Amino acid sequence: MSTTPARGETRRMTVSQALLEFLANQWTVDVDADGDEIRERTIPAVFGIFGHGNVAGIGQALKQLNVEQPDLLPYLQARNEQAMVHQSVGYARIHRRRGTYASAASVGPGAANLLTGAALATTNRMPALLLPSDTFATRVADPVLQQIEAPHDTSITVNDAFRPLSRFFDRVDRPEKLFSIALQAIRVLTDPVETGAVTIALPEDVQAEELDVPVEFLQPREWHIRRPLPEAGPLARAVAAIKAAKNPIVVAGGGVIYSGAEQALQALVEATGIPVGTSQAGGGVLNWDHPQYLGGIGATGTAAANRIAATADVVIGIGTRYSDFTTASRTVFQNPDVVFVNVNVASFDAYKHGSQLPIIADAREALRALARELEGYTVPAELAERIRTENAQWDAAVDAAFQPSGLDLPGQPEIIGAVQKASDPQDVIVQAAGSLPGDLHKLWRVRDPLGYHVEYAFSCMGYEIAGGLGVKRGALAAGEDRDVIVMVGDGSYLMLHTELVTAVAEGIKIIVVLIQNHGYASIGHLSETVGSERFGTWYREYDPATRNFQGEQILPIDLAMNARSYGVDTIEIEPGADAIDKLGEALATAKASERSTFIHINSNPLIYAPDGEGWWDVPVAEVSTIESTQAARAEYVEQQKLQRPLLG
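Residue numbers (UniProt numbering): 1 to 648.
Below you can see the structure in the form of structure tokens.
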């Protein structure tokens, strides 16, 4: 008997009920590197924190689904609205942008809490569906609780703040608008060019209104990810430039990961000998010990990558946004005749730095085409030898940084080394903000395409635990037994740590390594370089005499006790010469456990990773009465001289 609905058949539903059943039946279809089809739910579950703005709409619809079809679109709890989006991004990354979660929030502050997550998703080009509640469309009870009233425009609500942060925004202020809005929302989520935060604002009264829903709207629908091929003309011009190159380099970004193009990249560089440096998002495109892999590039990159990049005559960017960290604020590429070949599915990124050689195409398809056209080309022997030499020198520097010092307070590099040693190749390291992203970019030895997850497009303090939980959810959904290791400083931890409760509630295992340095290690160091002497970056008791927080008395906080109070297994490592050995033992215990584990270790924030010879443009005061600022300004002016337009 046919299950195809009769044309014109409808069901009487609320807007919320219709939206959720629609979302449950959306499927993303992709093709992997071997040509096999991958089909998975575009929206596998919905996060929700309920308030008066959505409890009767989205809340009721989720309850109804839970009673009638509990497996169709599961409900997930969270402790903070921002964290819901972070989990969605973590999930999306591990699924190469083929799926993400929906995040439903109540009106007013609940909706506003989603804003940071929206900005993070859009900046990272990661799909996330946001369902913030809105004030009454009918205005029958105006103004309502938590409504913003702008006298010059009474139509403005909190949700209008999502407009500049979203790749798609619309408001269902009439039930009939649901159909077109929902379809457009999924189109953007599954489009590799347009994806980012997608926001559907839902007025609290409209959420609960009824309408006749065409049954066709609720049927399974497939969204095929586009993988455009490179055009012949741009490809030929790019190939000619590469064949003429003496010192080419590939800059690989997140687009390589999302396209599943790691094998294609490896084939190209092994055939040609072209070296590869990676952005933060590109970590994992090659294993750390691949002969052509130079490590991270740019402001937080390795000396090996940055030295090779300095003389590059052709820079082949593949799936990169070319952020200021990747280009070291436009100082890393010093060859006066440098040319940029930019491969990107989005023309916005392909034309960056004035490139006249853009290839607007899917990364995997473009790499395969380049490999065919470059057959027979290899880099000069001189460059091949430089790659070997620079890699060997940098590997030795990392080995030295990883050696236990025997200090009571170990430095961050040796802590990273201990975590690296205790981890397995498929484990995923998760980080986002502070000094850890820079040190990981230089030091972490990636051994799996999805093993490096550092959110550095928005670099959001507080992303780590929520994002790591999303990564773990994604791995479990894919049937993969990966440990997720979240490394986080005390500054970021204090921003957003409550998703530890979520991990406990659902029995989801993550390992959190908290590095306690009593302040903001990254900004403290940066403060020194700009002449501000770490002002305001220590966690110290307030000194009313000096009116600052620069004293010696550290705060009597106990973050291990905080984690323990959430029900997480907690291991505290006391300062001492054996701290690194104890960290290794703690990680072994955590990996053997089936529960989430929180590991607390104290560090010395003044011990730095090896210098990668990158620079970051942070302006220094032109005039100051402070000598340290005057000296920093002089150094800044000298560094500025290395900046160039990089017109390709």
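Where a beta carbon is used, it is the ideal one built from N, C-alpha and C, also for glycine.
Because the structure is a prediction, the values reported are computed rather than measured.
For residue j and residue i, the rounded distance between their alpha carbons
| i | j | result |
| --- | --- | --- |
| Tyr520 | Thr327 | 25 Å |
| Val251 | Leu476 | 31 Å |
| Glu638 | Val620 | 12 Å |
| Thr625 | Leu114 | 42 Å |
| Ile94 | Gly474 | 6 Å |
| Thr629 | Ser532 | 6 Å |
| Ala505 | Ile511 | 15 Å |
| Glu385 | Asp349 | 32 Å |
| Leu286 | Ala609 | 22 Å |
| Glu373 | Ala261 | 17 Å |
| Leu559 | Tyr566 | 11 Å |
| Gly8 | Asp212 | 10 Å |
| Leu496 | Asn604 | 23 Å |
| Tyr75 | Ala299 | 41 Å |
| Thr389 | Asn306 | 13 Å |
| Val430 | Glu382 | 37 Å |
| Glu209 | Thr157 | 20 Å |
| Asp160 | Ile148 | 11 Å |
| Phe535 | Gln550 | 7 Å |
| Ala119 | Ala56 | 28 Å |
| Ser355 | Leu178 | 41 Å |
| Gln60 | Ser329 | 50 Å |
| Leu73 | Ser88 | 15 Å |
Burial state of residue i, where buried means 16 or more other Cβ atoms lie within 10 Å
| i | result |
| --- | --- |
| Ala236 | exposed |
| Leu229 | exposed |
| Met461 | buried |
| Glu480 | exposed |
| Pro358 | buried |
| Ser2 | Residue placement at Ser2 is flagged as unreliable, the pLDDT there being 43, under the threshold of 50; the coordinate-derived value follows with that caveat. Looking at its Cβ environment, which holds fewer than 16 other Cβ atoms inside 10 Å, Ser2 is exposed. |
| Ala245 | buried |
| Val623 | exposed |
| Ala586 | buried |
| Gln17 | buried |
| Ile58 | buried |
| Gly507 | exposed |
| Pro544 | exposed |
| Ile557 | exposed |
| Gly301 | buried |
| Gly470 | buried |
| Ser459 | buried |
Host beta strand (DSSP E) of residue i (start-end)
| i | result |
| --- | --- |
| Phe598 | Thr597 to Asn602 |
| residue 658 | As displayed, the chain neither begins before 1 nor continues past 648, which places residue 658 out of reach and without an answer. |
| Ile318 | Val314 to Ile318 |
| Phe47 | Val46 to Gly48 |
| Thr14 | Thr10 to Thr14 |
| Asp30 | Gln26 to Val31 |
| Leu409 | It is not in any beta strand (DSSP E) - Leu409 carries neither H nor E in the DSSP assignment. |
| Gly277 | Val276 to Thr278 |
| Val618 | Unbroken run through Val618: none, as it is neither H nor E. |
| residue 653 | With the chain covering only 1 through 648, there is no way to say anything about residue 653. |
| Ile308 | Where Ile308 is concerned, there is no enclosing beta strand (DSSP E), although the alpha helix (DSSP H) it sits in stretches over Ala303 to Ala310. |
Residue i: first and last residue of the uninterrupted alpha helix (DSSP H) it sits in
| i | result |
| --- | --- |
| Phe402 | Ala381 to Phe402 |
| Arg364 | Ala363 to Glu373 |
| Gly255 | Gly254 to Ser259 |
| Leu294 | No alpha helix (DSSP H) holds Leu294; the beta strand (DSSP E) holding it covers Tyr293 to Gly296. |
| Glu37 | Where Glu37 is concerned, there is no enclosing alpha helix (DSSP H), although the beta strand (DSSP E) it sits in stretches over Glu37 to Arg41. |
| Leu606 | Taken as a continuous stretch (DSSP letters only), Leu606 belongs to no alpha helix (DSSP H), as it is neither H nor E. |
| Leu268 | Glu262 to Thr272 |
heavy atom of the ligand HEM below 7 Å from residue i C-beta
| i | result |
| --- | --- |
| Ile557 | The ligand content of the structure shown is nil, which means the ligand HEM is not present either. |
Chain C within 8 Å of residue i, Cβ atoms only
| i | result |
| --- | --- |
| Gln17 | Considering every chain present, this structure includes no chain C. It has just one protein chain. |
Open item on the list: Within 8 Å, do at least three Cβ pairs link the region 407-421 to the region 451-464?
Closed with: no
TODO: Evaluate contact between the region 134-141 and the region 31-49, counting only Cβ atoms and requiring at least three cross-stretch pairs below 8 Å.
DONE: no
Task: Contact the region 20-28 vs the region 212-230: 3+ CB pairs below 8 Å - done: yes
Open item on the list: Does the structure place the region 270-287 close enough to the region 312-329 that three or more beta carbon pairs sit under 8 Å?
Closed with: yes
Open item on the list: Which complete alpha helix (DSSP H) runs does the region 466-539 hold, if anything under 4 residues is left out?
Closed with: 490-495, 499-506 and 521-529
Task: Completely contained alpha helix (DSSP H) runs for the region 423-474, where each covers 4 or more residues - done: 436-443
Task: Contiguous beta strand (DSSP E) assignments of at least 3 residues, all confined to the region 178-247 - done: 197-203, 210-214 and 221-224
Open item on the list: Below 8 Å, how does it come out for the region 163-179 and the region 94-103: are there three or more Cβ pairs, yes or no?
Closed with: no
Task: Whole runs of the beta strand (DSSP E) within the region 565-592, excluding any shorter than 3 residues - done: 569-573
Task: Minimum length 3: unbroken beta strand (DSSP E) runs contained in the region 89-167 - done: 102-105 and 128-134
Open item on the list: Using a Cβ distance threshold of 8 Å, determine whether the region 432-449 contacts the region 397-412, with at least three qualifying pairs required.
Closed with: yes
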